[in-house]
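Chains H and Y, in that order, give the protein sequences. Numbering-wise (our numbering), the first sequence opens with residue 11 and increments by one. Numbering-wise (our numbering), the second sequence opens with residue 2 and increments by one. Where is the CB? At the ideal position from N, CA and C, for every residue including glycine. Predicted, not measured: the structure shown is a model, and the values here were computed from it. To keep things clear, I will list the structure first and then write my remarks on it.
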Amino acid sequence: MGNTAVLVLVVITALGFDFTNGFHDTGNAMATSIATKALAPRVAVALSGLLNLIGAFLSLAVAATIASGLVSTKLVTLTVVAAGLAGGITWNLLTWLLGIPSSSSHALIGGVIGATIAAAGGHAVLWHGLVSKVVLPAVLSPVIAALVAATGTWLVYRISRRLTDTGRRHGFRVGQVASACMVSLAHGTNDAQKTMGVITLALIANGTLAAKSNAPFWVILSCALAISLGTYIGGWRVIRTLGKGLVEIESPQGMAAESASAAIILLSSNFGYSLSTTHVATGSIIGTGLGKKGAEVRWNVAGRMATAWLFTLPSAALVGAGADALARAIGGTPGVIVDLLILLAVVAAIYWKSRATKVDHHNVNDEWSGGVTPAERQPAAAA
Amino acid sequence: MSWINYQALWKIVVYGLIAGAGLPALFAVGLRALAWPGARVQSAIAGAGGGTAGTSADDDRLYGGNVLGLIIAVIIALAILAALGWSVYEVYQIGHPPVKK
Chain H
11 MGNTAVLVLV VITALGFDFT NGFHDTGNAM ATSIATKALA PRVAVALSGL LNLIGAFLSL
71 AVAATIASGL VSTKLVTLTV VAAGLAGGIT WNLLTWLLGI PSSSSHALIG GVIGATIAAA
131 GGHAVLWHGL VSKVVLPAVL SPVIAALVAA TGTWLVYRIS RRLTDTGRRH GFRVGQVASA
191 CMVSLAHGTN DAQKTMGVIT LALIANGTLA AKSNAPFWVI LSCALAISLG TYIGGWRVIR
251 TLGKGLVEIE SPQGMAAESA SAAIILLSSN FGYSLSTTHV ATGSIIGTGL GKKGAEVRWN
311 VAGRMATAWL FTLPSAALVG AGADALARAI GGTPGVIVDL LILLAVVAAI YWKSRATKVD
371 HHNVNDEWSG GVTPAERQPA AAA
Chain Y
2 MSWINYQALW KIVVYGLIAG AGLPALFAVG LRALAWPGAR VQSAIAGAGG GTAGTSADDD
62 RLYGGNVLGL IIAVIIALAI LAALGWSVYE VYQIGHPPVK K
């Protein structure tokens, strides 16, 4: 029963996705702390990685939703899962290259849904679940996060207006670090779960596990490690856009933004919404720009992100569908292997492209000059 | 079969405001209390609930020297830590439902 070689490949690819999930989303928790220098960049990513690891063990609720709430499990095969992952990874890396904080969750869900439609048709997708648990929360969550963050920012500045500027900056750094840690933990409880759900889905599809099983311990452990390693590597390009590109952030704003993010993510998980930590974090950061008098929100950067969000589900779905069609055209194990080889080539190409305009812990906080690549790297714009 | 669960939505907004905006505001109140002017100016550690000795070279101290202010700040810090601890515990509880066999 089942195909062990393909299963192993799928599990490795899923862990690869988890890794990109980690480094794509480091910024959600740590961007503002890095931007206000509350934490040194490398300390921030190490701390976030550790908390993601712990968070991954905290809750198993979301894994179950992903495994059973979006597509009809009876119609999912290993090939579908592999193709879905290919879609998710491709979109994650492309947006990272452009420094756009797009949703890893949507990339994964889009990929799996695209592959499922290609393999079994539209009826295999649980559309009501998709719209009510994924699409609508994606629209609402940034708005709610922005509202909460704006309120928090306004209150915090109002209450602390008598403090000296330096005193305020130093005092709020403590709160900022604490709130950023909560976001990292929340990210672990949410996003690590999504990969666990997918691997569990693959194990069920292969007949290794009975239907409706929980994730086995080795799955939990390996997902926790993959996401925390990815977080530790740090998606510096996305961190830069979130920390410097959207709003120039001070530490009280950073604390308000992270508190809003942590509260919304944890609350929503309790209601079973697998929402995007990215959407929430971005909404919070914009909110904190709105809540402070005189702060400027760079709406062109925000608009670019929102556009990318619109395209995330369909684009990942297209790649997923294409990968599934190709794999089935070739057929069987070779089909899956060809898919994954192409994926590997795409990953290598994107990585090679990213080397040309490197963003790392050295230049992540450089002055924002209209793009994710710091000015020093562009010969004409040197100050 | 409704598309939006309004019951969940308003809870997320209200509790989100209480925790996500209320806790930072409480933290700000704590900093205000800590900064109350008192007998000793610029002499203690800025971190909430930190010790009093061991001042280092940089001088952006928040502690204004008022003991009552310090006590209030410590109580607020503990309350915030308790809230965070409780929320993590809640997440753990909900995330590990009793195994159905």
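Rounded to whole angstroms, how far is the Cβ of residue i from the Cβ of residue j, which I believe are closer than 8 Å?
{"i": "isoleucine 99 of chain H", "j": "glycine 26 of chain H", "result": "6 Å"}
{"i": "asparagine 38 of chain H", "j": "valine 193 of chain H", "result": "6 Å"}
{"i": "serine 279 of chain H", "j": "valine 72 of chain H", "result": "6 Å"}
{"i": "glycine 245 of chain H", "j": "valine 158 of chain H", "result": "Contact doesn't hold; Cβ gap of about 25 Å is too wide."}
{"i": "asparagine 31 of chain H", "j": "aspartate 201 of chain H", "result": "5 Å"}
{"i": "valine 30 of chain Y", "j": "isoleucine 72 of chain Y", "result": "Incorrect: roughly 13 Å between the Cβ atoms, too far for contact."}
{"i": "cysteine 395 of chain H", "j": "leucine 57 of chain H", "result": "Shown here, chain H extends from 11 to 393; a query on residue 395 of chain H therefore has no answer."}
Along chain Y, in chain order, which residues have C-beta atoms closer than 7 Å to that of residue i?
{"i": "glycine 185 of chain H", "result": "Pro25, Phe28"}
{"i": "arginine 276 of chain H", "result": "Checking the sequence, you will find leucine at residue 276 of chain H rather than arginine. What leucine 276 of chain H touches in chain Y: Ser88, Val92."}
{"i": "isoleucine 154 of chain H", "result": "Ile13, Val14, Gly17"}
{"i": "methionine 192 of chain H", "result": "Leu85"}
Where does residue i fall in DSSP's three states?
{"i": "proline 38 of chain Y", "result": "strand"}
{"i": "valine 81 of chain H", "result": "strand"}
{"i": "valine 348 of chain H", "result": "helix"}
{"i": "valine 135 of chain H", "result": "strand"}
{"i": "valine 92 of chain Y", "result": "helix"}
{"i": "glycine 103 of chain Y", "result": "Only positions 2 to 102 of chain Y appear in the structure, and residue 103 of chain Y is not among them; the question remains open."}
{"i": "valine 307 of chain H", "result": "strand"}
{"i": "alanine 45 of chain Y", "result": "Unreliable positioning characterises alanine 45 of chain Y in this predicted model, as indicated by a pLDDT of 44, which lies under 50. The coordinate reading is nonetheless provided below. In the structure shown, alanine 45 of chain Y sits in coil (DSSP, three-state: anything other than H, G, I, E or B)."}
{"i": "valine 257 of chain H", "result": "strand"}
{"i": "isoleucine 243 of chain H", "result": "helix"}
{"i": "glutamate 268 of chain H", "result": "helix"}
{"i": "valine 158 of chain H", "result": "helix"}
{"i": "serine 189 of chain H", "result": "helix"}
{"i": "aspartate 35 of chain H", "result": "helix"}
{"i": "asparagine 280 of chain H", "result": "helix"}
Looking at residue i: is its Cβ nearer than 7 Å to the Cβ of residue j?
{"i": "glycine 65 of chain H", "j": "threonine 241 of chain H", "result": "no"}
{"i": "leucine 104 of chain H", "j": "serine 364 of chain H", "result": "no"}
{"i": "serine 261 of chain H", "j": "threonine 36 of chain H", "result": "no"}
{"i": "proline 111 of chain H", "j": "valine 248 of chain H", "result": "yes"}
{"i": "leucine 276 of chain H", "j": "alanine 188 of chain H", "result": "no"}
{"i": "asparagine 216 of chain H", "j": "leucine 88 of chain H", "result": "yes"}
{"i": "leucine 95 of chain H", "j": "alanine 15 of chain H", "result": "no"}
{"i": "aspartate 334 of chain H", "j": "alanine 130 of chain H", "result": "no"}
{"i": "alanine 273 of chain H", "j": "alanine 20 of chain Y", "result": "yes"}
{"i": "valine 14 of chain Y", "j": "leucine 68 of chain H", "result": "no"}
Buried or exposed: which applies to residue i, given that a residue is buried once 16 or more other Cβ atoms fall within 10 Å of its Cβ?
{"i": "arginine 250 of chain H", "result": "buried"}
{"i": "lysine 143 of chain H", "result": "buried"}
{"i": "histidine 34 of chain H", "result": "buried"}
{"i": "glutamine 263 of chain H", "result": "buried"}
{"i": "histidine 138 of chain H", "result": "exposed"}
{"i": "glycine 345 of chain H", "result": "buried"}
{"i": "proline 38 of chain Y", "result": "exposed"}
{"i": "histidine 289 of chain H", "result": "buried"}
{"i": "histidine 342 of chain H", "result": "Just to set this straight, residue 342 of chain H is glycine in the shown sequence, not histidine. Glycine 342 of chain H should be labelled exposed."}
{"i": "glycine 132 of chain H", "result": "exposed"}
{"i": "threonine 317 of chain H", "result": "exposed"}
{"i": "alanine 220 of chain H", "result": "exposed"}
{"i": "leucine 80 of chain H", "result": "buried"}
{"i": "aspartate 370 of chain H", "result": "exposed"}
{"i": "glutamine 94 of chain Y", "result": "exposed"}
{"i": "glutamine 186 of chain H", "result": "buried"}
{"i": "glycine 304 of chain H", "result": "exposed"}
{"i": "asparagine 102 of chain H", "result": "buried"}
Run through chain H and tell me which residues come within less than 8 Å of residue i, C-beta to C-beta.
{"i": "glycine 70 of chain Y", "result": "By Cβ distance, chain H contributes nothing, its closest Cβ being about 12 Å from glycine 70 of chain Y, past 8 Å."}
{"i": "leucine 18 of chain Y", "result": "Leu157, Val158, Thr161"}
I want to verify the contact list: residues of chain H whose CB lies under 9 Å from the CB of residue i, in sequence order.
{"i": "isoleucine 95 of chain Y", "result": "Ser69, Ala71, Ser279, Asn280"}
{"i": "glycine 66 of chain Y", "result": "By Cβ distance, chain H contributes nothing, its closest Cβ being about 13 Å from glycine 66 of chain Y, past 9 Å."}
{"i": "isoleucine 5 of chain Y", "result": "Ser142, Leu146, Leu150"}
Closer than 8 Å by beta-carbon distance: list the chain Y residues that pair up with residue i, in chain order.
{"i": "methionine 265 of chain H", "result": "Pro25, Phe28"}
{"i": "valine 166 of chain H", "result": "Pro25, Ala26, Phe28, Ala29"}
What residues from chain H crowd round residue i, counting only those whose CB sits closer than 7 Å?
{"i": "alanine 9 of chain Y", "result": "Phe281"}
At a CB-CB cut-off below 9 Å, which residues of chain Y make contact with residue i?
{"i": "threonine 205 of chain H", "result": "Per Cβ cutoff of 9 Å: no residues; threonine 205 of chain H is ~16 Å from chain Y at best."}
{"i": "alanine 45 of chain H", "result": "In chain order: nothing, as chain Y lies at least about 17 Å away."}
{"i": "leucine 195 of chain H", "result": "Val89, Val92"}
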